[in-house]
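Residue numbers (the UniProt record's numbering), protein chains in the order written: chain A, 1 to 345; chain B, 1 to 345; chain C, 1 to 345; chain D, 1 to 345.
We put the beta carbon where it would ideally sit given N, CA and C, even for glycine.
There are 4 protein chains.
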Amino acid sequence: MKAGIIGANGYSGVELIRFLSNHPFVQIEMLISHSTSGKNIKDLYPHLSDVCEKTLENVDIDEIAERTDLLFFAVPSGVSQSLVPQFLKKGLTCIDLSGDFRLKDPDKYTKWYQKPPAHQGYLQQAVYGLPEFYQEQIKNAKLIANPGCYPTAALLGILPAVKMGLVNFETLIIDGKSGVSGAGRGVSLGSHFCEVNENVKAYKIGVHQHTPEIEQTIQDISGEQININFTPHLIPMTRGIMCTIYAGLKKPLTTEEVVEQYKQFYESSYFARVREAGDWPATKEVYGSNYCDIGIVSDERTNRVMIISVIDNVIKGASGQAIQNMNLIYGWEEWTGLTLTPVFP
Amino acid sequence: MKAGIIGANGYSGVELIRFLSNHPFVQIEMLISHSTSGKNIKDLYPHLSDVCEKTLENVDIDEIAERTDLLFFAVPSGVSQSLVPQFLKKGLTCIDLSGDFRLKDPDKYTKWYQKPPAHQGYLQQAVYGLPEFYQEQIKNAKLIANPGCYPTAALLGILPAVKMGLVNFETLIIDGKSGVSGAGRGVSLGSHFCEVNENVKAYKIGVHQHTPEIEQTIQDISGEQININFTPHLIPMTRGIMCTIYAGLKKPLTTEEVVEQYKQFYESSYFARVREAGDWPATKEVYGSNYCDIGIVSDERTNRVMIISVIDNVIKGASGQAIQNMNLIYGWEEWTGLTLTPVFP
Amino acid sequence: MKAGIIGANGYSGVELIRFLSNHPFVQIEMLISHSTSGKNIKDLYPHLSDVCEKTLENVDIDEIAERTDLLFFAVPSGVSQSLVPQFLKKGLTCIDLSGDFRLKDPDKYTKWYQKPPAHQGYLQQAVYGLPEFYQEQIKNAKLIANPGCYPTAALLGILPAVKMGLVNFETLIIDGKSGVSGAGRGVSLGSHFCEVNENVKAYKIGVHQHTPEIEQTIQDISGEQININFTPHLIPMTRGIMCTIYAGLKKPLTTEEVVEQYKQFYESSYFARVREAGDWPATKEVYGSNYCDIGIVSDERTNRVMIISVIDNVIKGASGQAIQNMNLIYGWEEWTGLTLTPVFP
Amino acid sequence: MKAGIIGANGYSGVELIRFLSNHPFVQIEMLISHSTSGKNIKDLYPHLSDVCEKTLENVDIDEIAERTDLLFFAVPSGVSQSLVPQFLKKGLTCIDLSGDFRLKDPDKYTKWYQKPPAHQGYLQQAVYGLPEFYQEQIKNAKLIANPGCYPTAALLGILPAVKMGLVNFETLIIDGKSGVSGAGRGVSLGSHFCEVNENVKAYKIGVHQHTPEIEQTIQDISGEQININFTPHLIPMTRGIMCTIYAGLKKPLTTEEVVEQYKQFYESSYFARVREAGDWPATKEVYGSNYCDIGIVSDERTNRVMIISVIDNVIKGASGQAIQNMNLIYGWEEWTGLTLTPVFP
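Here it is in structure tokens:
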């Protein structure tokens, strides 16, 4: 199987290179980048010396279609919506890490992304690539809308409770904390070391584009319309996302009861690890891995459940999940090439 | 005016030294520490060379009472409850930075601190030292219960809305993010660099001792009983606390309307700065200062208001606020010795 | 006395604002910036809310000359060389924080800065603003070339040994470690959080423009020509510079002997603090202050002395030293407005 | 092949678990720890959930000898010297990550480690496990003295120049910069987040125990007696070591010439990567991998060469190198189980 990476020069791109370099069934055929074509990837990322020393190539549809079977789009939103259809027509499998095909309702895309949406047909065709909940659909997909980093953490944390009918949706609040790599390698004052280090800041309060993605998936699972509050914060670290989720319980449950139900729910999910009552995960405990760790507290004083969900945003929140989706599409074990133990400390 | 600092060898202690060294009306007479008496403070904290080179002294009640007018207690909880009464009897003014005199209900202290409480009489006598709300009581106090770091940020953020009747209390959720200095200089795995750096973790979910302190003060202002959720998180930074506060609005208000009401509310408060609509404070923007900065978003989709409140936990959350209380007690301008511009970047 | 700051929107600029806002004898009259004129400084730096809310103004020579007595140039190299002469002619005192007037030899400027130099006459007129060594010249200066951050740390560390004739110059090696703020607020991949955090990198090895500045001053003090090795490193922190200096001893001396000579040497220098034998300063111990702390080890195995010198690069390495120079020019105590205790932790 | 890890509860221990869990030819049979026996490793390190959930066992010589073929000692210095001989007698292969068997001269151990040394016979038997220079000896070893973290970086940087006769030894200076994980998981003020973060400090100047280890190996390769200066610094990061090496050239060579010689020298070394002239490695570019990256500058002004050498201290500086040694002993490819791409960003 020959793979190409469009946007190979970004953080998600080089992480795809890392995983594919160690994957037993796939070979990296092309690294593609509009802005840095002609350069060797190791000159942009010296850590790849001896690992992958390919030259970045330009976006040539015909050549890409000829040389590759499978494409990863590690690009900003607004880019893949015009490229993906051309490759689908030529029979390639497309895994899009951007937000372009995630929202089924094009008006919501326009509202939250402030850009024109992809064509409706492709939006319908795209499968939301959250394997723990859409495994069967993913297996038959040609176009994967790989979930956003925050939605991955938030949904893996709350969806079991939603599906099992434990919580009231109108009470749902998600407080997100993310490392800086989520914003990519592009330079801006917001990612300047001196402005981020020894600092916490909230951003895009009430208007973050991951809000409708979370809502849409909860609605898809529950059948009910909901509005949530999602507040993202920037944390002085490179990798990692934590979502702290607050939800009112429909009926009182102890922490132990909720933990037990979550453990059963995720029993056959390789990458979801549920902590025992009294233990909550920290982001570093999944650093460098595809795991999502979940901790739970039920507070009888307020009859709310608090769920802590952590991932490595570049892996389970982007490139690792993309590989997981690829594995499912091609019928391989979902953990193939992804059995990386977290790097600790 | 001659001041002594009990627990001068901790982070709050040295920060008191920094402020008092530059205060025009007060002189540091004694640095007191049980565990490090006999050592020079500059050997424990070389940054104090040439600034303050006093030798730490033991806890000798009579001598302290003779040499000082005013005592700061920068000690862990459980310590000042037995010391303060002895000094009050000798006429000294006591400002306690620990939690010992904050909760009026001794049973709540026992429950949340897991320790025996102070005597009821002193609990009643103690004035809660949040100057923006209890200025008049503070002016006449002999014993100040200096607020906790999280409660300071949380209460300055939410109390205006409480007092103006804007929000439903039962919906109140406070998501706290703190730097590591809040845990003090004592060594533990939880403050080991390698365990904190590049990491976020939640802790004491549902059982943090600052919860009843926040609830008690909201109840005191509003007259209503409430239970809140408060979830503290440890952030890989040294200083700074952010509280992200979620509360349901009683009736719809725009962000601009809430901002305007907050600006009016804090008009005469020197250290509370309210941001314009669309702008939210980051912790670094108050670093090294006694300011509390507040940003507000009203979300019409959920009819909730989100309030971002930030302080430097060692200053407005501890030593700076203690100085502010001292200024009020002695009739000086509340900002005396505290007009420090935040250190940025 | 009315001061203007050209380049007020950079990190050195805002730090000048912080110091001047608390200075008893000087008033900030104008904040000047070509690129951000028309904006309010508090919109660029919210931490300055209520502290300094001036609007940035354009570079209008006549107006500036009319309204101010004293100008600070907090600009990149290559800018002040054309501006300073115009203001000198109009009688203003100029303190230049850039490298434009530091090197007496214009050819060296051209070689190391890769830019055309300032006019020879102004290079000769400029006084190198290292108060611990050029105090008398500074008192009579109209144009100060404020030292670079690395040279300040390196020279305060090595010059006593040079002046007292303790070391062989040809053996001199300076290994520099700097926080990221030294590179300013401009965005670049080199200051992107994810590229700096959890990382150390060397840069400009053998070609850093501070090399000839260090050499020139050692030569000025010693009368001998020398070439040194200076290797700068970028450290994942915002503020602070450490220079680790290696020099061969002319004749054997114990650590205690060298420490004693340094202590005597700096006895009357307010901002130089020499540590006892066996104790070496860390950068955080001068954070937020104008101190330079120095530690010394003499190694009899190699007959070399190692000198550790630390400063806050934005203060003693830039804006604080500029204020110190201003104080000397106007006959005030050199520490006026600069008696800030380091912020620790 | 069945392996045991003594000291499995430390940072080097868990990193050995990570590597061995993915090694095709070795199985972890026992995790051994005196202080934490009886606990499950996943309770000490939750990131190991589902990866390795063994219970830590006590040090029982007979049982260990019965169940394992190979032992890793990830213990502080002073511990393995009494354990290793007992296991060697029972025929086990021992790889010691501590300093106990590195110095051939027991007096030097006593002087620099301030402890009694191992028995002379074992010191002679031990093979210094730096595979790039002692590969043949390692292949036949029963006892490996795995190099220290600083010596690994320093020696891989300077030994080619030593072996090729390019430099004068008496001029050798090594300025080391290390992340905090090198000090292990034990708690101390020196590894407290608030004391390390936003800080650089030098330590053990002139007395660090890695000094004689570096000297001994250079002497072994060159046949000459030397004394060096080695100055370690603590950097606010978790992983990574950089050594900046300064050495006088015997005869002038350009940067390109030295780079070319190094490239040839390391041509067949899998884990040593030499950068092109003008490019120098940063520690993050080897983070999470077993690589050592080397950059070189020759400065004609001073006739010195500067060599930048970086490793991940926990991997190439400890556990990864131990695995590499194990691979050589058992005749496997040296990179077996170690082909980890650096984690970037």
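Residues bridged to residue i (per DSSP)
i      : result
C94/C  : L71/C, L143/C
M237/C : M237/C pairs with nothing; no bridge assigned.
L88/C  : In DSSP, L88/C forms no bridge with anything.
K201/D : A282/C, L234/D
I174/D : F230/D, I245/D
V167/B : L249/B
H192/C : H192/A
Cβ neighbours of residue i in the same chain (closer than 6 Å, five flanking residues each side left out)
i      : result
T217/C : L155
I64/B  : G4
P160/B : Y262, F265
I173/A : N229, Y246
I61/A  : Q86
E213/D : R102, G148, P151
Cβ neighbours of residue i in the same chain (closer than 8 Å, five flanking residues each side left out)
i      : result
D299/D : V305, M306
S222/A : V162, K163, F169
S35/C  : N9
R67/A  : K2, G4, E29, M30
Whole-number beta carbon distance between residue j and residue i, since they are thought to touch under 8 Å
i      : j      : result
F87/C  : L123/C : Their Cβ separation, rounded to whole angstroms, is 16 Å, which puts F87/C and L123/C out of contact at 8 Å.
I32/B  : I95/B  : That pair is no contact at about 14 Å.
Y11/C  : P345/B : 6 Å
T238/D : S181/D : 5 Å
V127/B : Q137/B : 5 Å
T231/A : D293/A : Actually they do not touch by this definition, with Cβ atoms about 21 Å apart.
Contacts that residue i makes with chain A (C-beta to C-beta distance below 9 Å)
i      : result
N146/C : By Cβ distance, chain A contributes nothing, its closest Cβ being about 21 Å from N146/C, past 9 Å.
Chain A contact residues for residue i, given Cβ-Cβ distances below 8 Å
i      : result
W112/B : Near W112/B there are no residues of chain A at all, since even the closest Cβ is about 12 Å away, more than 8 Å.
T244/D : Under the 8 Å cutoff, chain A gives no residues; its nearest Cβ is about 18 Å from T244/D.
Proximal residues of chain B, C-beta to C-beta of residue i below 7 Å
i      : result
K108/A : Going along chain B, no residue has its Cβ under 7 Å from K108/A, so there is no contact; the nearest lies around 12 Å.
Partner residues on chain A for residue i, Cβ-Cβ distance less than 7 Å
i      : result
A202/B : T244, W280, I308
Listed by chain order, chain D residues near residue i by CB distance under 8 Å
i      : result
C194/C : P345
L189/B : R185, V187
M237/C : N197, E198, N199, V200, P236
Where residue i meets chain C, residues with beta-carbon distance less than 7 Å
i      : result
P342/B : H47
V14/D  : Those do not exist, as V14/D stays about 18 Å from chain C at its closest Cβ, beyond 7 Å.
V180/A : F193, C194
Contact set between residue i and chain B, taken where Cβ atoms lie within less than 9 Å
i      : result
G240/C : None at all; the shortest Cβ gap to chain B is about 12 Å.
Y262/C : Neighbours of Y262/C on chain B: none; closest Cβ ~14 Å, over 9 Å.
Contacting residues, own chain, Cβ-Cβ under 7 Å from residue i (five flanking each side not counted)
i             : result
E224/A        : F169
Q209/D        : G99, W112, Y113
residue 380/B : Because chain B is modelled from 1 through 345, residue 380/B falls outside the range shown and cannot be assessed.
residue 346/B : Outside the displayed range of chain B (1 to 345) lies residue 346/B, so it cannot be described from this structure.
P106/D        : P117, Q120, L123
Listed by chain order, chain B residues near residue i by CB distance under 8 Å
i      : result
H233/A : K177, M242, T244
G206/A : V297, D299, R301, M306
Per-residue contacts from residue i into chain D (C-beta, under 7 Å)
i      : result
S269/A : Here the premise fails: no neighbours, minimum Cβ distance about 11 Å.
### Query
What are the uninterrupted segments assigned as alpha helix (DSSP H) that are 4 or more residues long and contained completely in the segment 257 to 337 of chain B, given in chain order?
320 to 329
### Message
My parser needs the alpha helix (DSSP H) runs of 4 or more residues fully inside the UniProt domain "Semialdehyde dehydrogenase NAD-binding" (2 to 141) of chain D; what are they?
### Response
11 to 21, 41 to 44, 61 to 67, 80 to 89, 106 to 113, 120 to 125, 131 to 139
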